[in-house]
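Q: Would you mind keeping the following structure in view while I ask a few things?
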Amino acid sequence: GQNIDQPTEMTATEGAIVQINCTYQTSGFNGLFWYQQHAGEAPTFLSYNVLDGLEEKGRFSSFLSRSKGYSYLLLKELQMKDSASYLCAGKALSAYSNYQLIWGAGTKLI
Amino acid sequence: DSGVTQTPKHLITATGQRVTLRCSPRSGDLSVYWYQQSLDQGLQFLIQYYNGEERAKGNILERFSAQQFPDLHSELNLSSLELGDSALYFCASSPGQDTQYFGPGTRLTVL
Numbered sequence: 090g091q092n093i094d095q096p097t098e099m100t101a102t103e104g105a106i107v108q109i110n111c112t113y114q115t116s117g118f119n120g121l122f123w124y125q126q127h128a129g130e131a132p133t134f135l136s137y138n139v140l141d142g143l144e145e146k147g148r149f150s151s152f153l154s155r156s157k158g159y160s161y162l163l164l165k166e167l168q169m170k171d172s173a174s175y176l177c178a179g180k181a182l183s184a185y186s187n188y189q190l191i192w193g194a195g196t197k198l199i
Numbered sequence: 158d159s160g161v162t163q164t165p166k167h168l169i170t171a172t173g174q175r176v177t178l179r180c181s182p183r184s185g186d187l188s189v190y191w192y193q194q195s196l197d198q199g200l201q202f203l204i205q206y207y208n209g210e211e212r213a214k215g216n217i218l219e220r221f222s223a224q225q226f227p228d229l230h231s232e233l234n235l236s237s238l239e240l241g242d243s244a245l246y247f248c249a250s251s252p253g254q255d256t257q258y259f260g261p262g263t264r265l266t267v268l
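Structure (structure tokens):
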């Protein structure tokens, strides 16, 4: 089956570093997305990992290990505006060579 | 601003009614996705269209339907509305099967 797991909630303080983990159990995954969503607003794209390793974008970095079915989003130098939900989504092959995103429930960062 | 537009921003209606939500994708994007997000819940994938054709169906109720028109805009029709249909409805678009860019959403309240 296809399943994405991430913690429901995490707390951190301004200036700190926080790591949000995401695990997936599926076959046919072809990459992993991270989105940020502030309450009542649309999700906004943060990163996409298709190969193993760490990708850094300013204060945010994302890591993927395909063999372990594991990803994390690392947020450094936390700011108040980073309080949001962080959604992990796996790109999975579905019928007719179509890819779909399988979404995690989101991690609320307080 | 993602480039995806949705109208209306807010919609208040009564149980049993029917509403239509509209989405215009980013210029050049062929895929449109519809999602439902109830309060403090995750995103629930409803349906995907690609260049006018239905590509994938998620947890979409039979009371709900959608279509994508030749100019690539899409409409989501919700009928026989129930209290539980109150939610944020997001549309997202992508060039093909790549990164999805979300519109601002339509907040539907069913009284």
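Just so you know, the sequences run in chain order P and C.
Residue numbering for the first sequence follows the working numbering, starting at 90 and increasing by one per position.
Residue numbering for the second sequence follows the working numbering, starting at 158 and increasing by one per position.
C-beta: ideal position from N, C-alpha, C; glycine also.
(1) Determine whether the beta carbon atoms of C/L233 and C/W191 lie at a separation below 8 Å.
(2) Tell me which residues share the same chain as P/A173 and place their Cβ nearer than 7 Å to its Cβ, disregarding the 5 neighbours each side in the sequence.
(3) Under a Cβ-count criterion, where at least 16 other Cβ atoms within 10 Å of its own Cβ denotes burial, should P/Q189 be classed as buried or exposed?
(4) Nearest to P/S160 by alpha carbon, out of P/E144, P/M99, P/A131, P/T100?
(5) Tell me whether C/R220 counts as near the ligand NAD, meaning its Cβ is closer than 7 Å to at least one heavy atom of that ligand.
(6) Can you check DSSP and say which residues form a bridge with C/H167?
(7) Using only the alpha-carbon positions, how far apart do C/N216 and C/Q193 sit?
(8) Nearest to C/L229 by CA position, among C/A244, C/G253, C/G241, is which residue?
(9) Name the DSSP bridge partner or partners of P/K197?
(10) Whole angstroms is fine: what's the gap from P/F149's alpha carbon to C/L178's?
(11) For P/G104, which of helix, strand or coil comes out of DSSP?
(12) Tell me which residues of the region 143-168 of chain P have at least one Cβ-Cβ distance to chain C shorter than 7 Å, keeping chain order.
(13) For my contact list, C/Q163 and C/T263 are in at a C-beta cut-off of 8 Å; report their separation, rounded to the angstrom.
(14) Taking 8 Å as the threshold (beta carbon to beta carbon), is P/F134 in contact with chain C?
A: According to the data block:
(1) Residue 233 of chain C sits at position 76 when you count from the first residue of the second sequence. Residue 191 of chain C sits at position 34 when you count from the first residue of the second sequence. Against a cut-off of 8 Å, the Cβ pair of C/W191 and C/L233 comes out as a contact.
(2) In the first sequence, residue 173 of chain P corresponds to position 84, counting from 1. Closer than 7 Å at Cβ, skipping near neighbours: Q125, Q126, H127, L198.
(3) The count along the first sequence starts at 1 and reaches residue 189 of chain P at position 100. With 16 or more Cβ atoms within 10 Å of its Cβ, P/Q189 is classed as buried.
(4) Position 71 of the first sequence holds residue 160 of chain P. Among P/E144, P/M99, P/A131, P/T100, the Cα nearest to that of P/S160 is on P/E144.
(5) Among the ligands in the structure shown, none appear at all, so the ligand NAD cannot be discussed.
(6) Counted from its first residue, the second sequence places residue 167 of chain C at position 10. Answer is C/R264.
(7) Here the question's residue 216 of chain C lines up with position 59 in the second sequence. Here the question's residue 193 of chain C lines up with position 36 in the second sequence. If you take the alpha carbons of C/N216 and C/Q193, they lie about 9 Å apart.
(8) Taking the second sequence and counting its residues from 1, the one referred to as residue 229 of chain C is at position 72. Of C/A244, C/G253, C/G241, the residue nearest in Cα terms is C/G253.
(9) Translated into the one-based positions of the first sequence, residue 197 of chain P becomes position 108. BP columns for P/K197 point to P/E98, P/S174.
(10) For this step, residue 149 of chain P is matched to residue 60 along the first sequence. For this step, residue 178 of chain C is matched to residue 21 along the second sequence. For P/F149 and C/L178, the distance between alpha carbons rounds to 34 Å.
(11) The residue given as residue 104 of chain P occupies position 15 in the first sequence. Correct three-state label for P/G104: coil.
(12) none
(13) Here residue 163 of chain C refers to the residue found at position 6 of the second sequence. Here residue 263 of chain C refers to the residue found at position 106 of the second sequence. About 5 Å separates the two Cβ atoms, so the contact holds.
(14) Sequence index remark: in the first sequence, residue 134 of chain P carries index 45 (1-based). Answer yes: the Cβ-Cβ gap between P/F134 and chain C drops below 8 Å somewhere.
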